[in-house]
Amino acid sequence: MRLLGVIEKEGKEFLLLQEGYTFYVKKAEEVEQRFDNYYVLKNRDLKIGNEDKEGEGVFNFRYGPVTAGVAEAGIFNIRTYGERILSVNIDPSYKRRGIEKLMKGKKPVEALKLSESVCGNFAFSHSLAFARAVEDACNIGVEDKVKILRAIAIELERIYNHIHVIARLSKAAAQNVLTSHLEWLFEESLRINKLFSSNRFLKGINNIGGIEFLNSRNIVEIKKRVEFFKRKFEELYRHSLRSYNFIDRVYKTAVLNKDKALSIGITGPSLRACGVEEDLRRYEDVYKNLQVCLREDGDALARMEVRACEILKSCDIVCTFLDEVREEVSISQDAVNVDGFGIGAAESPTGLVVYYVELEGGVVDYVYISSPSVFGYKAFADSLVGFIFTDFSFALDSFGINFADCAR
86 MRLLGVIEKE
96 GKEFLLLQEG
106 YTFYVKKAEE
116 VEQRFDNYYV
126 LKNRDLKIGN
136 EDKEGEGVFN
146 FRYGPVTAGV
156 AEAGIFNIRT
166 YGERILSVNI
176 DPSYKRRGIE
186 KLMKGKKPVE
196 ALKLSESVCG
206 NFAFSHSLAF
216 ARAVEDACNI
226 GVEDKVKILR
236 AIAIELERIY
246 NHIHVIARLS
256 KAAAQNVLTS
266 HLEWLFEESL
276 RINKLFSSNR
286 FLKGINNIGG
296 IEFLNSRNIV
306 EIKKRVEFFK
316 RKFEELYRHS
326 LRSYNFIDRV
336 YKTAVLNKDK
346 ALSIGITGPS
356 LRACGVEEDL
366 RRYEDVYKNL
376 QVCLREDGDA
386 LARMEVRACE
396 ILKSCDIVCT
406 FLDEVREEVS
416 ISQDAVNVDG
426 FGIGAAESPT
436 GLVVYYVELE
446 GGVVDYVYIS
456 SPSVFGYKAF
466 ADSLVGFIFT
476 DFSFALDSFG
486 INFADCAR
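Numbering (our numbering), first residue to last: 86 to 493.
Written out as structure tokens, the structure reads:
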């Protein structure tokens, strides 16, 4: 059982829980199990990290909110005595937009657009989790062709996010030539996205109960480009592993062991890099015999290796699913006058995105978003303790986390 969220509503506390592919909400008082990440999730809007260390010569190095090496606005409070990092606490509030509250009172189709705005990098993952929550609440069935197109979109999202993470790690290690090639592939992945969805970040195509795919004429070209992308990335990645200057910077950096990863509640590539064979896609009937990428060391290198492995497999999945696309699709359904609640989840590039949604009279009455970056920042803070500041970028980038995703 995994704790994904602490919901406080009308003076009562509920827990958002997961067991396998089953997601549910229970009153906190009815759950006997205690969770190590309870206070992290309860206080996620205040700070994420570990206990501040004090002592002679120890000071707080406040890194942020706008600084080199960090792509978004946020603050890292790093306790150190000048070299070794003793503790890390993170303030994500600079990116808070209150999207859950903005969804209230809106029709699901309107709120779906807001879910795409939580985090640009994970726009499709968030829209898919939200759509699935509404579909669950309304008992809406989804056609197989919609499932296939959604799977293509989420794999394309995985590809461009993973290449972005590896490019940032390469840049942090001053691998300038490799970085230039990886950034070129990143741009190519965004162009593939646009061929598929008419949007570089896969926005605007997902619907409640359906999807809008009007680019069937591009199928052959998309598949050709994905196959080319895979060959070039595989060649570049093999070359990068021969660079000891690069590998030495990520090997045994920011180590997260299996027990710590499970207690934090982290999911996605960072959990699979600790040897835990878990992937939500294995429970989805559209995927056949999905092979999960695993590593054991739990360090920045292992996290990079899992992402590289997943890029290659995602390319194969996309090409396989493209062969099954026969026509253009424009399907959507409504939630008129529906009262109820639902839970939806998606395996984003960084881990589970989960939405709990309540509807009243067909409009959104309450939303709780569980995002993977909350758990990722906690894992980053814990794994960085004992390392030095020059390890900061390798640790942070290897988790593939975003302040926007965390702060909502």
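Idealized CB from N, CA, C, for every residue including glycine.
- For G295, the beta-bridge partners assigned by DSSP are N292.
- The C-beta of E220 has 16 or more other C-beta atoms within 10 Å across all chains shown, which makes the residue buried.
- In the structure shown, A420 adopts coil according to DSSP, grouped into three states.
- When C-alpha distances from K343 are compared across G360, D419, I92 and V335, the shortest belongs to G360.
- The C-beta distance from S399 to E240 rounds to 4 Å, short enough to meet the 8 Å contact threshold.
- Using a Cβ distance threshold of 9 Å, L270 and A252 count as a contacting pair.
- One Cα belongs to G96, the other to P177, and the distance between them is close to 25 Å.
- Spatial neighbours of S301 in its own chain (CB-CB distance under 7 Å, excluding positions within 5 residues in sequence) are listed in chain order as V410, E412 and E413.
- With fewer than 16 neighbouring CB atoms inside 10 Å of its own CB, D229 falls in the exposed class.
- In this chain, G350 is not harboured by any beta strand (DSSP E), its DSSP state being neither H nor E.
- A385 is positioned such that its CB atom lies closer than 9 Å to that of L254.
- Across the structure, S325 and Q260 are spaced so that their CA atoms are roughly 9 Å apart.
- Collapsing the DSSP output to three states places Y462 in a helix.
- In the displayed model, G429 falls within a strand according to three-state DSSP.
- A direct Cα-Cα distance of roughly 10 Å separates N278 from E272.
- Ranked by Cα distance from E114, the options Q103, V91 and L444 are led by V91.
- Cβ-Cβ distances below 6 Å link F460 to I349, G350 and I351 in the same chain, with the five nearest sequence neighbours on each side left out; the list follows chain order.
- DSSP places T107 in no alpha helix (DSSP H) but in the uninterrupted beta strand (DSSP E) bounded by T107 to K112.
- Secondary structure within the region 222 to 274: the alpha helix (DSSP H) runs of 4 or more consecutive residues, fully enclosed, are 229 to 257 (chain order).
- Sorting K111, R334, L171 and V231 by C-alpha distance to the C-alpha of N291 places V231 at the top.
- If you draw a straight line from the Cα of K337 to the Cα of G353, it is about 19 Å long.
- Residue range R87 to K94 is occupied by the beta strand (DSSP E) that includes R87.
- The C-beta separation of L287 from F209 comes to about 4 Å, placing the pair in contact by the 8 Å criterion.
- With a threshold of 16 other beta carbon atoms within 10 Å, K315 meets it and is buried.
- Contact annotation: the region 448 to 465 touches the region 425 to 438, with at least three C-beta pairs closer than 8 Å.
- Nearest to K138 by C-alpha distance, out of N128, D130, F484 and I163, is I163.
- Distance from I225 to G294 at the Cβ level is roughly 4 Å; contact confirmed, criterion being Cβ atoms closer than 8 Å.
- Remark: C-beta atoms of M188 and V449 approach each other more closely than 9 Å.
- Bounds of any beta strand (DSSP E) do not take in S328, whose DSSP letter is neither H nor E.
- Taking C-alpha positions only, G105 is separated from R243 by approximately 21 Å.
- Taking C-beta atoms under 8 Å as the contact rule, I396 and H249 fail to qualify, at a distance of about 11 Å.
- Rounded to the nearest angstrom, the gap between the Cα atoms of I307 and L379 is 28 Å.
- The straight-line gap separating the alpha-carbon atoms of Y124 and Q418 is approximately 38 Å.
- Secondary structure of N162 (DSSP, three-state): strand.
- Beyond the five residues adjoining it in sequence on each side, L263 comes within less than 8 Å, by CB distance, of S255, L321, H324, S325, S328 and F331 in the same chain, given in chain order.
- In the three-state reduction of the DSSP assignment, D382 falls in the coil class.
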